[in-house]
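Q:
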Amino acid sequence: MPVLLAPEAAPTLPGLLQAANLTGLDTRIVESDQPMPRIQGLGSLLSAGPSEISFLANPRLQDQLKHCRAAAVILTPEAWESLEAKPVPFRVVLCSQPYLMYALLAQWFDQHRIQGLPKGIHPTAVIAESAQIAEGVSIGPYCVIEDGASIGKGTRIGPGCVVGAGSSIGSDGLLHARVTLYHGVHIGDRAILHSGAVLGADGFGFAPHPGSEPGAWAKIAQLGGVSVGNDVEIGANTTIDRGALEDTVIADGVKLDNQIMVAHNVRIGKHTAMAACVGIAGSTTIGARCTIGGASMISGHIVLGDDVHVSGGTAITSNIDKPGRYTGVYPFDEHAGWQRNAAALGQLSQLRRRLRALEKQDSN
Amino acid sequence: MPVLLAPEAAPTLPGLLQAANLTGLDTRIVESDQPMPRIQGLGSLLSAGPSEISFLANPRLQDQLKHCRAAAVILTPEAWESLEAKPVPFRVVLCSQPYLMYALLAQWFDQHRIQGLPKGIHPTAVIAESAQIAEGVSIGPYCVIEDGASIGKGTRIGPGCVVGAGSSIGSDGLLHARVTLYHGVHIGDRAILHSGAVLGADGFGFAPHPGSEPGAWAKIAQLGGVSVGNDVEIGANTTIDRGALEDTVIADGVKLDNQIMVAHNVRIGKHTAMAACVGIAGSTTIGARCTIGGASMISGHIVLGDDVHVSGGTAITSNIDKPGRYTGVYPFDEHAGWQRNAAALGQLSQLRRRLRALEKQDSN
Amino acid sequence: MPVLLAPEAAPTLPGLLQAANLTGLDTRIVESDQPMPRIQGLGSLLSAGPSEISFLANPRLQDQLKHCRAAAVILTPEAWESLEAKPVPFRVVLCSQPYLMYALLAQWFDQHRIQGLPKGIHPTAVIAESAQIAEGVSIGPYCVIEDGASIGKGTRIGPGCVVGAGSSIGSDGLLHARVTLYHGVHIGDRAILHSGAVLGADGFGFAPHPGSEPGAWAKIAQLGGVSVGNDVEIGANTTIDRGALEDTVIADGVKLDNQIMVAHNVRIGKHTAMAACVGIAGSTTIGARCTIGGASMISGHIVLGDDVHVSGGTAITSNIDKPGRYTGVYPFDEHAGWQRNAAALGQLSQLRRRLRALEKQDSN
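Chains as they are written, first to last, in our numbering: chain U, 151 to 514; chain L, 151 to 514; chain P, 151 to 514.
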């Protein structure tokens with residue numbers, strides 16, 4: 151496994167559970183004759199080795215327990231109850247939420263790597279005199295922090311980031327290498343921004359310019375900014391444009407994957423999560439606790455309510471008021487079959503007319 | 151509002167209209183008992199405050215005038231004529247093109263911010279001796295300007311940009327932070343390029359390489375460049391590949407939003423505008439004054455004529471000769487309804503056959 | 151043409167064929183009274199000038215030979231045989247694979263440009279003491295090479311690249327400007343990575359966090375890495391996420407175009423090629439020698455076998471075991487026609503029911 155502690159640095163199983171379980175999940179180690187192991191890392195059921203801990207979160211993977219070589223496995227009391235092949239050659243940790251416990255363990259192991267990262271402000275960082283850098287901030291080589299920007303305490307900024315004039319980042323954030331914030335971008339606490347993300351580029355706004363050449367456009371300067379809440383993660387090469395007059399707004403707890411495009415004046419509600427390659431056109435509002443599947447497209451100037459779940463690849467072209475799951479991508483086929491259906495699709499309204507005609511005839 | 155001038159720097163309403171109206175639009179301030187205001191900023195009808203100007207461009211928003219607290223509002227003579235609730239508590243500016251006037255005002259206010267940006271060439275910029283830098287050029291920290299590149303007068307280049315060997319940028323351009331131009335990329339005057347844009351990466355060209363392992367590819371070096379006209383804007387993280395043998399060509403006045411992909415040997419005509427996430431495959435030609443909706447995909451080796459308008463999310467897979475609007479994205483539905491229709495779609499050509507059989511029977 | 155050698159540096163036609171033909175293709179220069187030309191560059195049939203070589207790979211372009219002004223043209227013996235208008239005003243090179251020969255010639259001409267690029271390690275590169283830099287490595291300005299990273303011999307790294315802690319790049323690679331590798335990213339020999347590519351950002355993994363605010367998420371730290379084979383090319387602004395526990399794996403010879411998104415734990419087989427804007431969701435496996443058309447979306451947790459060819463814009467939502475071509479994008483139409491069909495599509499399962507009812511009636 152990629153993240154291993156040296157044996158002497160590895161915690162015992164009870165020590166690990168206590169250290170990682172910051173949210174107080176119920177965990178119980180099942181009694182056993184086996185010695186209490188030290189845990190050096192974390193792996194899946196099939197790949198974890200004899201000094202690592204694993205977990206069973208998906209009941210369909212229960213069969214993999216037979217081949218598991220891990221030192222310990224986390225599973226629900228129900229899964230443990232139903233297990234036939236006992237005793238097992240690993241320590242068992244009972245927890246009602248093994249997937250969340252796995253998340254906490256993975257965070258704990260990753261903290262060891264993060265703690266070892268270079269600290270302090272690299273001498274090559276170009277920081278404006280008027281910028282406010284709180285204590286405990288790390289800034290990597292070749293960063294540029296412009297006039298009046300502020301960075302909250304404990305925030306780490308990777309190499310080559312740019313923080314524009316008057317922009318702000320809260321405390322305990324993590325900007326990976328080469329993140330760009332334009333001016334007037336405000337980000338809350340505990341943000342994670344991935345490489346290549348661009349926040350605050352101009353929204354796409356143009357007015358027809360009839361006085362000029364036919365078809366020419368006049369640029370509408372984008373005077374708004376971007377406002378991002380706390381606990382937001384933004385993926386690699388994702389872009390969030392600044393608003394035309396007001397801010398584009400990303401609420402607390404929103405999670406955006408890679409290569410997502412958020413246009414100007416969009417508002418995204420709390421804890422909404424979007425998979426990669428989603429595009430949201432301008433001035434659209436998305437509610438809280440939504441999930442948007444990968445490569446979905448959301449039209450501009452519409453409203454999606456809270457708790458709306460959009461399947462991957464779906465084009466949402468009108469308001470959705472009702473919570474629920476919405477889908478729109480039509481099925482692929484072997485090319486020849488698709489060709490036949492695609493041709494018929496072009497005649498669909500005509501087929502409907504013909505069907506109606508037959509029905510009329512039959513009813514006479 | 152985000153961009154405010156201090157009261158002492160704010161122009162009077164007539165002064166502002168004169169200063170911002172560079173294209174000579176007709177504007178007339180309606181007479182009123184109210185004193186002539188000074189204007190510190192710009193806002194929407196509902197958000198503009200008592201020292202700001204607003205505008206009514208969309209007739210459907212006319213009702214918002216009732217709640218408007220702005221110092222002044224721009225509207226058409228027709229809208230003013232039809233307004234019932236007179237007098238109004240703001241100064242009224244009549245203009246036949248309020249949206250264009252808004253664009254000009256927004257530009258004027260943004261110029262104040264832009265004028266205040268750092269000027270000159272940052273000492274950390276690495277500039278090849280053979281590069282030609284015109285007067286009045288600003289180059290930010292950590293830029294790299296390679297051999298034989300040239301930058302036209304008044305152009306501003308943000309932090310961390312790379313201008314490849316022999317590439318050129320015209321005058322009065324604006325490259326935001328972290329734009330990359332490979333070698334042999336030529337850009338006209340007044341360009342605006344947003345962060346993360348990459349111009350001149352290799353087109354995707356490979357020849358099957360039968361002498362090697364089955365399925366292996368031989369790279370086709372991409373020897374062409376990229377040629378971009380005047381007054382072009384290119385969005386954040388958009389990529390425009392270099393041509394295989396000739397240049398990829400973007401004509402004057404083209405506006406490209408974020409995360410657009412323009413493949414090698416594509417040609418895009420004058421004043422064509424594309425919303426975000428559009429992909430255009432290789433060797434396709436798109437005419438002048440087209441608009442391409444967000445997330446549309448244009449196949450390779452096809453031709454779209456002038457004045458073609460493609461709705462968002464549409465896959466254009468063949469030539470379009472005739473001006474007009476073209477659409478292809480099929481409607482989403484609640485998941486259960488979609489499932490029933492999706493299943494039926496896979497039988498569509500079969501349904502057509504059955505319908506034909508019934509019609510035959512009935513006609514006998 | 152963009153890449154020209156000076157006349158005194160240009161090889162003779164036989165010299166060029168010998169120098170460029172590294173894979174030993176059969177080539178034969180047809181006898182002719184014309185003097186043997188020197189070749190300064192490479193162009194298409196219609197654009198190549200009198201000191202350049204061209205090629206005929208697509209039989210449908212044979213008519214263009216009439217207007218060809220090139221010094222020499224490569225074509226198949228069959229094309230030459232069938233040509234009526236002989237003699238021709240250019241030297242003819244017979245080769246059974248003219249497109250592959252063109253690829254080799256383009257590589258040869260491009261090598262001249264590449265050889266002239268700056269060499270050595272720029273003094274502004276920030277290289278950790280523990281990093282291993284092999285001989286003949288070039289590193290551009292403002293690169294950051296972190297702790298324990300290693301760069302193989304002859305590899306060139308453009309300006310502003312970041313190579314994360316413990317990551318490795320094999321020999322003879324080429325990283326264009328502003329490529330980002332996070333920690334734990336391993337890349338084989340002869341890689342070509344384009345600007346803005348990000349390898350190793352966190353996969354998109356979150357567990358519901360019921361103890362917290364409704365809808366809140368707990369981040370699953372991504373402990374795996376990225377493993378990329380030999381001879382892989384990765385396009386501009388493409389993102390490949392690190393695995394959750396194991397690595398995301400890209401096999402030898404894979405070619406990825408721009409703006410592709412490869413999610414965590416994806417595995418892509420040898421020599422598979424993907425056009426731009428493809429998105430692949432997490433834990434999906436794609437076989438060897440597949441081709442994936444531009445803007446296709448592949449769902450997560452599915453398996454595509456070897457030799458699967460997906461048409462552009464297709465959403466692949468389930469396993470594909472059988473080699474072949476698969477398509478799913480439905481045809482666009484003029485807007486009015488599309489509207490009629492789109493409305494009917496929403497009633498498709500109902501139409502099927504009505505058709506069945508008619509059939510029953512008729513069979514009674």
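Quick reminder that beta carbons are idealized off the backbone N, C-alpha and C, glycines included.
With a CB to CB cut of under 7 Å and the five nearest residues on each side skipped, what residues in its chain are close to Gly346/P?
A: Arg328, Ala386 and Asn387
Q: Ordered along the chain, which non-local residues of its own chain (more than five positions away) have a Cβ less than 7 Å from that of Pro248/U?
A: Shown here for Pro248/U: same chain residues with a beta carbon closer than 7 Å to its own, the five before and five after excluded, namely Phe205, Leu206, Ala207, Ile224, Leu225 and Thr226 in chain order.
Q: CB Leu495/U to CB Tyr480/P, shorter than 8 Å?
A: Taking C-beta atoms as the reference points, Leu495/U and Tyr480/P count as a pair closer than 8 Å.
Q: What's the C-alpha gap between Asp183/L and Ala221/L?
A: 13 Å
Q: Which one of Leu192/U, Ala169/U, Leu244/U and Leu172/U has the shortest CA to CA distance from Glu181/U?
A: Nearest C-alpha to Glu181/U among Leu192/U, Ala169/U, Leu244/U and Leu172/U: Leu244/U.
Q: Identify every run of the beta strand (DSSP E) within the segment 388 to 444 of chain U, keeping only runs that are complete inside it and at least 3 residues long; order them along the chain.
A: 398 to 400
Q: Round the Cβ separation of Asp352/U and Gly374/U to the nearest angstrom and send it over; I've been treating them as touching at under 8 Å.
A: Rounded, the Cβ-Cβ distance is 10 Å, inconsistent with contact.
Q: How many angstroms separate the CA atom of Asp512/P from the CA atom of Leu454/L?
A: 47 Å
Q: Tell me the rounded alpha-carbon separation between Leu155/L and Gln261/L.
A: Looking at the two C-alpha atoms, the distance is approximately 11 Å.
Q: Quick one: grab the DSSP three-state call for Phe240/P.
A: coil
Q: Hey, out of Ala341/L, Ala198/L and Gly316/L, whose CA is closest to His326/L's CA?
A: Ranking Ala341/L, Ala198/L and Gly316/L by Cα distance to His326/L puts Ala341/L first.
Q: Taking all protein chains shown into account, do 16 or more other C-beta atoms lie within 10 angstroms of the C-beta of Ala368/U, making it buried, or fewer, making it exposed?
A: buried
Q: Taking only beta carbons into account, state which residues of the segment 453 to 464 of chain P come closer than 9 Å to chain U, listed in chain order.
A: His459, Val460, Ser461 and Thr464
Q: Using a cut-off of 7 Å between C-beta atoms, extract the partners of His359/L located in chain P.
A: Leu250
Q: Is Met151/L close to chain U? Criterion is C-beta to C-beta, closer than 8 Å.
A: Residue placement at Met151/L is poorly supported in this model, since its pLDDT is 46, which falls under 50; the coordinates still yield a value, given next. At a cut-off of 8 Å between beta carbons, Met151/L contacts chain U.
Q: Within the continuous alpha helix (DSSP H) that includes Ala256/L, where are the two ends?
A: Pro248 to Gln265
Q: Relative to the C-alpha of Ala394/P, which residue among Pro164/U, Ala198/U and Lys236/U is closest?
A: Ala198/U
Q: Would you kindly work out how many angstroms separate the C-alpha atoms of Met151/L and Leu255/U, rounded to a whole number?
A: Confidence in Met151/L is poor, its pLDDT being 46 and thus under 50, which makes the residue's placement too unreliable to answer from.
Q: Helix, strand or coil for Ala493/U per DSSP?
A: helix
Q: Residues of the segment 205 to 227 of chain L in Cβ contact with chain P at a cutoff of 7 Å, in chain order, please.
A: none
Q: Which chain U residues sit within Cβ distance under 9 Å of Arg328/L?
A: Gly310, Val312, Arg328, Thr330, Gly346 and Val348
Q: Please check if any C-beta of chain U sits within less than 8 Å of the C-beta of Val294/P.
A: yes
Q: Smallest Cα separation from Asp457/L: which of Tyr476/L, Gly463/L, Leu192/L and Tyr252/L?
A: Tyr476/L
Q: Can you give the beta carbon distance from Leu331/P to Val312/P, rounded, assuming they're within the 8 Å contact cut?
A: Right, their Cβ atoms sit about 7 Å apart.
Q: Quick check on the DSSP output: the alpha helix (DSSP H) that includes Ser377/L runs from which residue to which?
A: Careful: Ser377/L lies outside any alpha helix (DSSP H), inside the beta strand (DSSP E) at Val376 to Val378.
Q: Could you tell me if Ala425/U is buried or exposed, where buried requires 16 or more neighbouring beta carbons within 10 angstroms of its beta carbon?
A: buried
Q: Looking at chain U, is there any beta carbon in it that lies within less than 8 Å of the beta carbon of Gln265/L?
A: no
Q: Tell me where the alpha helix (DSSP H) around Arg340/L begins and ends.
A: From DSSP, Arg340/L is part of no alpha helix (DSSP H); its letter is neither H nor E.
Q: Looking at chain L, which residues of the segment 188 to 201 of chain U have a Cβ within less than 9 Å of any of its Cβ atoms?
A: none
Q: I need the DSSP call for Glu181/U, collapsed to helix, strand or coil.
A: coil
Q: Going straight from the alpha carbon of Asp407/L to that of Pro164/U, what length do you get?
A: 53 Å
Q: Classify Lys236/L: buried if its beta carbon has 16 or more other beta carbons within 10 angstroms, exposed otherwise.
A: exposed
Q: How is the beta strand (DSSP E) around Arg522/P delimited, first residue to last?
A: With chain P running from 151 to 514 in the structure shown, residue 522/P is simply not present.
Q: Indicate the three-state DSSP secondary structure (helix, strand or coil) for Glu231/U in the structure shown.
A: helix
Q: Would you call the CB atoms of Met411/L and Gln409/P closer than 8 Å?
A: yes
Q: Who are the Cβ neighbours of Phe240/P in its own chain at under 7 Å, not counting the five residues just before and after it?
A: Cys218, Ala220, Ala221, Ala222 and Val223
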